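Residue numbers (this note's numbering), protein chains in the order written: chain F, 2 to 189; chain A, 16 to 315; chain C, 275 to 892.
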Amino acid sequence: MDRKNIKKWLKEHGKMSHKYSLWVIYFCTGCGIIEIPPVITSRWDAERFGVIPVATPRQANLFLITGYVSVKTLKAIIRTYEQMPDPKFTVGFGSCPINGGMYWDSYNTIKHLDKYIPVDGWIAGCMPRPEAIFIAVTHLWTLIDKDMATGYIKYREKYKYYRANQEKVLSELEWPPLYPINDNEEIK
Amino acid sequence: MVIKVLGIIAAVIIALVIGIFFLGLFRKIIARIQWRYGPPIIQPLLDIFKLFHQKGFSHGIIFDLGIILSLAASIVLILFIPIGGLSSLENSGGLLVILYIMLFKPLGIALSGGEGANPNISIGISRRLILSLGYEVPLLLILISVMTYYKTISIIEIVNAQSNFQWSLFSPLFLSGLTYLMILPAILEIRPFDIASAPQEISSGPAVEYSGRYLALYHIEHAFSLFISTAIFVDLFLGGGANPFYFLLKMLVVFVLGVFIHSVFPRFRTEQAIRYLWRWPAILAVAGLIIILIIKARYG
Amino acid sequence: MYLQILLLIAFIGAFLTYLLGKISSKIRDIFAVFISSTLIVMTAFLYGNFSEKTFYSGFLGLPLILRIDMLSWLFAITIAAIGTFSIIFSLSYIKGKERTDFYYLMMLLVNAGMLGIVLSGDLISFYIFWEIMSWSAFLLISYNRGPALAAGMKYIIMSIIGSVTMLIGILSIYTSYRTLTISEIAPLIASASPGYILFILIFFFITFGIKNAVLPFHTWLPPAHSEAPSPFSAVLSGILIKMGVYGFLLIMYVIIGLKKFLALGGGSFNFHYILSILGAITIVVPTFIAMLQNDAKRLLAWHSIGQVGYMILGIAFGTSLSIAGGIFHFFNHAIFKTLLFMVVGAVEYRTKGIRDLNSLGGLIKKMPITFIAALVGACGLIGVPLTNGFVSKWLIYKTLILERAPFLAFAALIGTWGTILSVYKFLHNMFLGQLPEKYKDIKDAPFSMKIPMLILSFAILLFGILPGIPLRIINAIGTSFGLEPLNVNIWGIASETGALNTVNIFFAILIASIIVWMLLRMGKKSIPVSQKDSYAAGAYIPKEKYHYTVEFYNPFYRMAKPYLRDFIDEFYSIIVKAGRNLSGLVRKIYSGDLGYYVIYILLFLAILIIIKMGLVLW
Numbered sequence: 002m003d004r005k006n007i008k009k010w011l012k013e014h015g016k017m018s019h020k021y022s023l024w025v026i027y028f029c030t031g032c033g034i035i036e037i038p039p040v041i042t043s044r045w046d047a048e049r050f051g052v053i054p055v056a057t058p059r060q061a062n063l064f065l066i067t068g069y070v071s072v073k074t075l076k077a078i079i080r081t082y083e084q085m086p087d088p089k090f091t092v093g094f095g096s097c098p099i100n101g102g103m104y105w106d107s108y109n110t111i112k113h114l115d116k117y118i119p120v121d122g123w124i125a126g127c128m129p130r131p132e133a134i135f136i137a138v139t140h141l142w143t144l145i146d147k148d149m150a151t152g153y154i155k156y157r158e159k160y161k162y163y164r165a166n167q168e169k170v171l172s173e174l175e176w177p178p179l180y181p182i183n184d185n186e187e188i189k
Numbered sequence: 016m017v018i019k020v021l022g023i024i025a026a027v028i029i030a031l032v033i034g035i036f037f038l039g040l041f042r043k044i045i046a047r048i049q050w051r052y053g054p055p056i057i058q059p060l061l062d063i064f065k066l067f068h069q070k071g072f073s074h075g076i077i078f079d080l081g082i083i084l085s086l087a088a089s090i091v092l093i094l095f096i097p098i099g100g101l102s103s104l105e106n107s108g109g110l111l112v113i114l115y116i117m118l119f120k121p122l123g124i125a126l127s128g129g130e131g132a133n134p135n136i137s138i139g140i141s142r143r144l145i146l147s148l149g150y151e152v153p154l155l156l157i158l159i160s161v162m163t164y165y166k167t168i169s170i171i172e173i174v175n176a177q178s179n180f181q182w183s184l185f186s187p188l189f190l191s192g193l194t195y196l197m198i199l200p201a202i203l204e205i206r207p208f209d210i211a212s213a214p215q216e217i218s219s220g221p222a223v224e225y226s227g228r229y230l231a232l233y234h235i236e237h238a239f240s241l242f243i244s245t246a247i248f249v250d251l252f253l254g255g256g257a258n259p260f261y262f263l264l265k266m267l268v269v270f271v272l273g274v275f276i277h278s279v280f281p282r283f284r285t286e287q288a289i290r291y292l293w294r295w296p297a298i299l300a301v302a303g304l305i306i307i308l309i310i311k312a313r314y315g
Numbered sequence: 275m276y277l278q279i280l281l282l283i284a285f286i287g288a289f290l291t292y293l294l295g296k297i298s299s300k301i302r303d304i305f306a307v308f309i310s311s312t313l314i315v316m317t318a319f320l321y322g323n324f325s326e327k328t329f330y331s332g333f334l335g336l337p338l339i340l341r342i343d344m345l346s347w348l349f350a351i352t353i354a355a356i357g358t359f360s361i362i363f364s365l366s367y368i369k370g371k372e373r374t375d376f377y378y379l380m381m382l383l384v385n386a387g388m389l390g391i392v393l394s395g396d397l398i399s400f401y402i403f404w405e406i407m408s409w410s411a412f413l414l415i416s417y418n419r420g421p422a423l424a425a426g427m428k429y430i431i432m433s434i435i436g437s438v439t440m441l442i443g444i445l446s447i448y449t450s451y452r453t454l455t456i457s458e459i460a461p462l463i464a465s466a467s468p469g470y471i472l473f474i475l476i477f478f479f480i481t482f483g484i485k486n487a488v489l490p491f492h493t494w495l496p497p498a499h500s501e502a503p504s505p506f507s508a509v510l511s512g513i514l515i516k517m518g519v520y521g522f523l524l525i526m527y528v529i530i531g532l533k534k535f536l537a538l539g540g541g542s543f544n545f546h547y548i549l550s551i552l553g554a555i556t557i558v559v560p561t562f563i564a565m566l567q568n569d570a571k572r573l574l575a576w577h578s579i580g581q582v583g584y585m586i587l588g589i590a591f592g593t594s595l596s597i598a599g600g601i602f603h604f605f606n607h608a609i610f611k612t613l614l615f616m617v618v619g620a621v622e623y624r625t626k627g628i629r630d631l632n633s634l635g636g637l638i639k640k641m642p643i644t645f646i647a648a649l650v651g652a653c654g655l656i657g658v659p660l661t662n663g664f665v666s667k668w669l670i671y672k673t674l675i676l677e678r679a680p681f682l683a684f685a686a687l688i689g690t691w692g693t694i695l696s697v698y699k700f701l702h703n704m705f706l707g708q709l710p711e712k713y714k715d716i717k718d719a720p721f722s723m724k725i726p727m728l729i730l731s732f733a734i735l736l737f738g739i740l741p742g743i744p745l746r747i748i749n750a751i752g753t754s755f756g757l758e759p760l761n762v763n764i765w766g767i768a769s770e771t772g773a774l775n776t777v778n779i780f781f782a783i784l785i786a787s788i789i790v791w792m793l794l795r796m797g798k799k800s801i802p803v804s805q806k807d808s809y810a811a812g813a814y815i816p817k818e819k820y821h822y823t824v825e826f827y828n829p830f831y832r833m834a835k836p837y838l839r840d841f842i843d844e845f846y847s848i849i850v851k852a853g854r855n856l857s858g859l860v861r862k863i864y865s866g867d868l869g870y871y872v873i874y875i876l877l878f879l880a881i882l883i884i885i886k887m888g889l890v891l892w
């Protein structure tokens, strides 16, 4: 943890401030949310890393997708993700967002979250322990340092692909496209 | 002239630094009371840096201007309050002007929140205004007692009359001072009275649509408002301070007292808050006022 | 001669407008605006004159006199200005309604009546013009038929009661002193007994209290102001009820005189102190009742009652600061209440008659100029620093605190908080929040409505930053009553016990705003987002209403509702109902049946015969 490295602060203050003040949006996506209250209370204190929960996506820059993603929740996840300000980071928490996990043959869950919103990192486990969240956060810091946590840039550049996938699963999206879609390009 | 400008700049910078220090101290003390380590004291500064680097969302012109007005009024308010000898606009207004410039803060946030067009903002502002109505009843009685006792509405004179340890808290105004301590959490908007920005109930109230640089200004505004509310109490009842160092020491004591109260209480409902504020603090404030009137009638 | 010409132009202009309206409406509009503007210009030229002229001798043996001095001038210029702005506003508002010629006739007649009141130099002409004003106001309140007829009836009955008491007072003065000229009565009353002065004061207090809507007599005001057409509500609220303030000033300070007035009564039960307490109650109770109203005009009407309390409190308290504060508050209230009623009128005009606060919302995007006018007017009403409302209220607060009247000061200060809550509800439910679907295509207010609103907003800010301009005039009025002058400069008021410098505050806030704006630009630029892209817990915003308007202060509403009913109105209703029942009982004598009438005649004859036969009843 190089929070006290003043020279690095003066050189790259943008990246350093994003690292040491990650605000998680307190959105209970699935069953994994049961692991978050122990993380933010006294025993495994997340506030010393600068991580606090906030109530609205407008104020947050880290989104933890905890647990399985049903189709109904996917709509709320996409809307919340789009309402967060740039730069934003997403972490898939648990096995279900990676490849379907325990619900690999369910008609109602989606198997690969990566097709619908960009994900920067994954934590395997069913449910991972609270220490795994800390390892994920420190790993995210390394990725931010190396400019590899670029999910939000990928979302902006490949928005047509993401939107087409979203519309395939959720038949009707009430909100207009976030970035302008140029109809002449092909879906890659 | 140059000294005046330097004084103004010094006052604003002191207020900003101490305000952010108070925000950090707030989270650290609560963490230590809850037997955990807590963030470093400098954490609010890191938060504000991060927020300035975020690309936020804006809902319109009034959305920007509202929060600018609110923060500008808080900065101007610093210039009216004597900070241990530093006070720049002392001849332009007294306690009443301070009381009414404090109105710009919820007004500015209400205007910018109005363009945010979210009912959570409206509910938050309505709760904030009802809470203000609640604490204004004892607060106005206390301020009227102070102004009647010192026979002036200028805050500089009240501070000067308390030199040499003749603090208001130890004079016949002690009941009013005690009542002010009872309503101080409501003025600072910390638990049990943080009704306006209740993250769990109304998704942060007026701050629900703020992101990026606007949220940074909102946090700076929160820092200033903590500073201003504590400073007014220290000036009226604890004698101000001969130089800024003693003033800040007194403010630290009062603020840490407030943090201790915040860390053990849950949040009131709005009716419970008003019922509390209009019961014992109001009765004690009226009693304090009557004591002052009797003393003034007998001894002039 | 000049004053007579002024009044003649005012009255003849009113009738000529009606006749011209029969020919063409465009000529009538232009003529009405021309007459009102001429009145402003002529009144402005009277600044600084002090004269008194008899214009008609021999009316019932008494001369009718016109008079002008600084107090009359201030009221006259306010009346002329607000009248002109209302007529300019009603050019678009009344277009297309019925009987518009009658409307313009009555508006100009009300104006002329009020000008006559403030320019009259003796009590008979005062009474005549008072009656002209009251009756024209009644005809205008009932202009929109329907529920307005009941409102008008309530107003005129209470106004007639007031006029009758004034007539009793005038007759009593005539029988004691044989003259009704104001300048002649003043030295004569100085030698009267305090009991007689109290008697006169109480009768005139009932009259001016009813017109002024001081607390026991306020019940006519909310229905009258809400049912009248909006430009006339502006005139009603702005200046018509202030005629009561003028009357109070006339009786208390011009006729009776400062020293005698303040010495009336014994010990701590001075008359002026009781009047101040009544003013303080009038501030607190109506401003809190206004918080619970759902109709925009009714909210503003309850506010008018509350603000009148400030004026009565200031005038009755008797120190130089408080009288200056009361008169200045009259001037300010005329400006911002007119502005707020015009805003409601503009919104009503564009949304085809909706003024229910529960169903409007989000009009800031469609009517920005109206919103700015509403914002400035609302800030003036609250008394935010840099508006003129703050300066007048500051004067009143300062003197109440320093003169050791803390509970009155507390009432005045808590009235401001009631104002803040209700005015924010007004502003929020109309202009902020989400725009309903049906108002997607509204345009902003028409040009002829924008002009008076913008001029009045500018006046609020100008007199807030440079309050010396009106305060010098008010200082002159105060010294003419015999009070000590205030230390007034162009930028504010200097004093040892706390000064006020509004220009400094203005520049400080301006520079601080610029600094904060530069700080804001240091952050990354933000993305503009529409109002529909708002936080709704992970969903898109609902298609129905997404705006919190109904029962806006719900927690407080639940606690306070049982205590904030209009008890006095209910009391009057009980009296009225009892009177109606009594009359109903008496009416039963006339049963319409000839047999009963024959029995009555026979009974009466029988009683007469018995008496004649020697039955001695007493």
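Heads up, the beta-carbon is just placed ideally off N, CA and C, and yes, glycines get one too. Here the structure is a predicted model, which means the values were calculated and not measured.
Across which residues does DSSP place residue i in a beta bridge pair?
i	result
F/G93	F/I66 and F/W123
C/E326	C/R341
F/W24	F/I53
C/V392	Paired residue(s): none; C/V392 is not in a bridge.
C/G766	C/N763 and C/N775
A/S73	C/P802
C/L336	C/F333
Leaving out the 5 sequence neighbours to the left and right, which residues in its chain are closer than 7 Å to residue i when beta-carbon positions are compared?
i	result
C/I671	The displayed chain sequence assigns Tyr, not Ile, to residue 671 of chain C. Same-chain partners within the cutoff: A683, A686 and L687.
C/A425	I415, P497, A498 and E501
C/L879	none
C/P744	F602, F605 and F737
Residues in the same chain with beta-carbon distance under 6 Å from residue i, minus the five sequence neighbours each way, listed in chain order, please.
i	result
C/L340	L277, K327, F329, L393 and G395
F/R119	In the sequence on display, residue 119 of chain F carries Pro and not Arg. Cβ neighbours of F/P119 beyond the five flanking positions: G152, K155 and Y156.
F/I134	V40
C/F289	none
C/L631	N568, A570 and N703
C/L669	L595, A598 and G599
C/G483	F491
Under the assumption that residue i contacts residue j (Cβ atoms under 8 Å), give the Cβ distance between them as a whole number of angstroms.
i	j	result
F/W45	F/P38	Actually they are not in contact, since the Cβ atoms of F/W45 and F/P38 sit about 10 Å apart, beyond 8 Å.
C/L655	C/F615	Actually they do not touch by this definition, with Cβ atoms about 12 Å apart.
C/M344	C/I601	Not a contact, Cβ separation roughly 10 Å.
A/R142	A/A211	5 Å
Which residues, taken in chain order from the stretch 15–33 of chain F, show a beta carbon closer than 7 Å to some beta carbon of chain A? G15, S18, H19, Y21 and S22
Against chain F, which members of the stretch 62–79 of chain A pass a CB distance test of less than 9 Å? D62, I63, F64, K65, L66, F67, H68, Q69, K70, G71 and F72
Taking the runs of the alpha helix (DSSP H) that are 4 residues or longer, which of them lie wholly in the stretch 151–209 of chain A? 170–175 and 189–203
Residues in the stretch 87–103 of chain A having any Cβ partner in chain C nearer than 7 Å: A87, A88, I90, V91 and L94
Quick one: which residues of the stretch 38–57 of chain A get their C-beta closer than 8 Å to a C-beta of chain F? List them in chain order. R42, A46, Q49, W50, R51, Y52, G53, P54 and P55
Output, in sequence order along the chain, the residues in the stretch 166–181 of chain F whose CB is closer than 7 Å to any CB in chain C. E175 and W176
Runs of 4 residues minimum, wholly inside the stretch 214–246 of chain A: which ones carry the alpha helix (DSSP H) assignment? 214–217
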